[in-house]
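There are 2 protein chains.
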Amino acid sequence: MIGLGAIGGSLAWQARLAGVERVTGFSPEPSEGIQALKASAITELADTPAKAVQGAELVVLAAPLRPTIDLITRLASVLGPAALLTDVCSVKVSVVKQAEAAGIGDRFAGAHPLAGTHESGFAAARPDRLRGCVVYICEGSTPAGHRAADRVASFWERTLDASPIRISAENHDRQLAWTSHLPQAVAYALARSLAEHGQPGVSYGSGARDTTRLAASNPDMWVDILLHNEPAVGEALTRTESQIGELRRLIANGDAAGLRTYLTEAQSFRRGIDR
Amino acid sequence: MIGLGAIGGSLAWQARLAGVERVTGFSPEPSEGIQALKASAITELADTPAKAVQGAELVVLAAPLRPTIDLITRLASVLGPAALLTDVCSVKVSVVKQAEAAGIGDRFAGAHPLAGTHESGFAAARPDRLRGCVVYICEGSTPAGHRAADRVASFWERTLDASPIRISAENHDRQLAWTSHLPQAVAYALARSLAEHGQPGVSYGSGARDTTRLAASNPDMWVDILLHNEPAVGEALTRTESQIGELRRLIANGDAAGLRTYLTEAQSFRRGIDR
Numbered sequence: 001m002i003g004l005g006a007i008g009g010s011l012a013w014q015a016r017l018a019g020v021e022r023v024t025g026f027s028p029e030p031s032e033g034i035q036a037l038k039a040s041a042i043t044e045l046a047d048t049p050a051k052a053v054q055g056a057e058l059v060v061l062a063a064p065l066r067p068t069i070d071l072i073t074r075l076a077s078v079l080g081p082a083a084l085l086t087d088v089c090s091v092k093v094s095v096v097k098q099a100e101a102a103g104i105g106d107r108f109a110g111a112h113p114l115a116g117t118h119e120s121g122f123a124a125a126r127p128d129r130l131r132g133c134v135v136y137i138c139e140g141s142t143p144a145g146h147r148a149a150d151r152v153a154s155f156w157e158r159t160l161d162a163s164p165i166r167i168s169a170e171n172h173d174r175q176l177a178w179t180s181h182l183p184q185a186v187a188y189a190l191a192r193s194l195a196e197h198g199q200p201g202v203s204y205g206s207g208a209r210d211t212t213r214l215a216a217s218n219p220d221m222w223v224d225i226l227l228h229n230e231p232a233v234g235e236a237l238t239r240t241e242s243q244i245g246e247l248r249r250l251i252a253n254g255d256a257a258g259l260r261t262y263l264t265e266a267q268s269f270r271r272g273i274d275r
Numbered sequence: 276m277i278g279l280g281a282i283g284g285s286l287a288w289q290a291r292l293a294g295v296e297r298v299t300g301f302s303p304e305p306s307e308g309i310q311a312l313k314a315s316a317i318t319e320l321a322d323t324p325a326k327a328v329q330g331a332e333l334v335v336l337a338a339p340l341r342p343t344i345d346l347i348t349r350l351a352s353v354l355g356p357a358a359l360l361t362d363v364c365s366v367k368v369s370v371v372k373q374a375e376a377a378g379i380g381d382r383f384a385g386a387h388p389l390a391g392t393h394e395s396g397f398a399a400a401r402p403d404r405l406r407g408c409v410v411y412i413c414e415g416s417t418p419a420g421h422r423a424a425d426r427v428a429s430f431w432e433r434t435l436d437a438s439p440i441r442i443s444a445e446n447h448d449r450q451l452a453w454t455s456h457l458p459q460a461v462a463y464a465l466a467r468s469l470a471e472h473g474q475p476g477v478s479y480g481s482g483a484r485d486t487t488r489l490a491a492s493n494p495d496m497w498v499d500i501l502l503h504n505e506p507a508v509g510e511a512l513t514r515t516e517s518q519i520g521e522l523r524r525l526i527a528n529g530d531a532a533g534l535r536t537y538l539t540e541a542q543s544f545r546r547g548i549d550r
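Protein chains in written order, with my numbering: chain A, 1 to 275; chain B, 276 to 550.
What follows is the structure, given as structure tokens:
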């Protein structure tokens, strides 16, 4: 397990509780590794990624996008011939391409669990964070890549009790631009708007806090995701600018009937996505 | 108590638990009134607003904006000379003006508790929903209006254990355009964007659900609020369109440094508003 934060720490912990005997962990933050060890989320702590993957059957990169891409190249040469490599990033085309370029497309399948949190570090790890979550599994283009994806999907389903969905990396990234990256970007834009134009010292209710909650996330992680999923994210943002413009005009024109239709469509969509 | 929904029902219930002996309720939905009576949130149920306010010391209008404005005019003539009238709407200029126009500016002060929820009806009432909340108290322009505001603030503080903040109706509405109405409008716009352009049947994670949660709110209530707080809401929406445009350009230009600065400013603001 490379990375022992909210996702990696939870994944290791849950795998241990599900009976995986040996989980070797690495974290760039030594204190996170020690916390994971103390919690018995891992059984051994390695001081480099290369040492952590020695003899591993399954290697999970639970790092942000840029280090994940770097690690794929660095670990390709030390990965055992039967070992399987996977990751948990929320952008998948760049990651799958990198594995193929590094010559390990047959031993790689990407995963993206819908279990994100704006918190970070092992302190945000939970032994049930991934239980029941949807996890996208994105395979390479070869038959071997397909078999690798079978094995990764099976690990998520059987060991972690999650619900795998097989999807191409391209479709995944297009879909996530709307379902995840757009809400994230809008939360950042709304928070920045409030930061620049709101009055200091005023009270924000639960509505403003919920709507901007995602803006508390790690900027470094999101710089990489947003840049790697351009132009799909750009397209989604353009459409949302138009939607805000339409709403603004309905209000400015005092168009109560048009405004009611607009808000009702939004409400109907929102009620439909509640689990 | 005129209106026994999430706010009115909670307010009545909490007042009863705090020792208010008699609370007469009215709801346009008879079933809500019966639920409130069964829960002992009210002691009597009236079948018209006019009957409910007979002999009352304090009348609370816990209705959406448009019915609140209508009720102020309708109840002005039946309100006892020593009775105090207040409301809970999240727009205050229109309400305070209406009370003054109805000749009861000396017996009226508006209140706006920051305790909203996208749920509605007495089913969403809680005997502790208002405890500890910030509540804005907006008074009329006369000395008598000032005394009315003293009494309403004291009711919120002593009986409901809330934290009153005295503010002019104009400042309240300008401030709420940013802190509440803008997040609400953005949640609607994002939900409508996803409704029109997202793919059907895809999975939305907790991020998308949180960011659009407010869009599940009652459209009728928000049509009135957004129209009554134009042009302040329009100004806030214009600024937010610009913020989204700026974000989109940083992504399109691959400007990692500029994007990091933007996201970090948003993050810093968001972390600052957590209680």
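Just so it is clear, CB atoms sit at the ideal spot from N, CA and C, and this is done for glycine as well. None of the values given here were measured: they were computed from a predicted structure.
| Check | Outcome |
| --- | --- |
| Strand pairing of V20/A, partner residues [DSSP] | None, per the DSSP bridge assignment. |
| Segments of 4+ residues assigned as alpha helix (DSSP H) that fall wholly inside the region 27-110 of chain A | 30-38, 49-52, 65-76, 93-101 |
| Close Cβ partners of E170/A (< 7 Å) along its chain, the five nearest in sequence each way excluded | V93 |
| Any 3 or more C-beta pairs closer than 8 Å across the region 393-411 of chain B and the region 431-440 of chain B | yes |
| Residue nearest to P342/B in terms of C-alpha spacing, selected from R401/B, C413/B, V366/B | V366/B |
| Reduced DSSP secondary structure (H/G/I, E/B, other) of R441/B | strand |
| From L259/A, A123/A, A216/A, residue whose alpha carbon lies closest to that of R192/A | A216/A |
| Residue burial classification, P143/A (beta-carbon count within 10 angstroms, cutoff 16) | exposed |
| V135/A (DSSP reduced to helix, strand or coil) | strand |
| Cβ of I412/B within 7 Å of any chain A Cβ | no |
| Sub-7 Å separation of V482/B and W178/A beta-carbons | One detail in the question is off: residue 482/B reads as Gly in this sequence, not Val. Going by C-beta atoms, G482/B is not nearer than 7 Å to W178/A. |
| From A384/B, T486/B, S395/B, A331/B, residue whose alpha carbon lies closest to that of R426/B | A384/B |
| Environment of Q329/B [buried if 16+ CB atoms lie within 10 Å] | exposed |
| Contact check, A337/B vs V363/B, beta carbons under 7 Å | yes |
| Closer than 7 Å to chain A by CB, I225/B | With chain B represented from 276 up to 550, any question about residue 225/B goes unanswered, as that position is not in the structure. |
| Any beta strand (DSSP E) of 3 or more consecutive residues that is wholly inside the region 500-531 of chain B | none |
| Counterpart residues of G278/B in DSSP-defined beta bridges | Looking at the DSSP assignment, G278/B forms no beta bridge with any residue, so it has no partner. |
| Endpoints, the alpha helix (DSSP H) within which T392/B is located | Run containing T392/B: none; DSSP gives neither H nor E here. |
| Of the listed residues G476/B, Q289/B, S478/B, nearest to P318/B (C-alpha basis) | Per the sequence shown, residue 318/B should be read as Thr rather than Pro. Looking at the Cα atoms, Q289/B is the closest of the given residues. |
| Closer than 9 Å at the beta carbon, the chain B residues around R209/A | P458, R545, I548, D549, R550 |
| 8 Å Cβ shell around V78/A - same chain, five flanking residues per side excluded | A50, V53, Q54 |
| Three-state secondary structure (DSSP) of P200/A | coil |
| Check whether Q35/A and F122/A have beta carbons under 7 Å apart | yes |
| Alpha carbon of V334/B to alpha carbon of A377/B, nearest angstrom | 16 Å |
| S163/A to G116/A span [Cα, whole Å] | 15 Å |
| Among T299/B, G280/B, E394/B, the one whose alpha carbon lies nearest that of E307/B | G280/B |
| First and last residue of the uninterrupted alpha helix (DSSP H) at S206/A | 206-211 |
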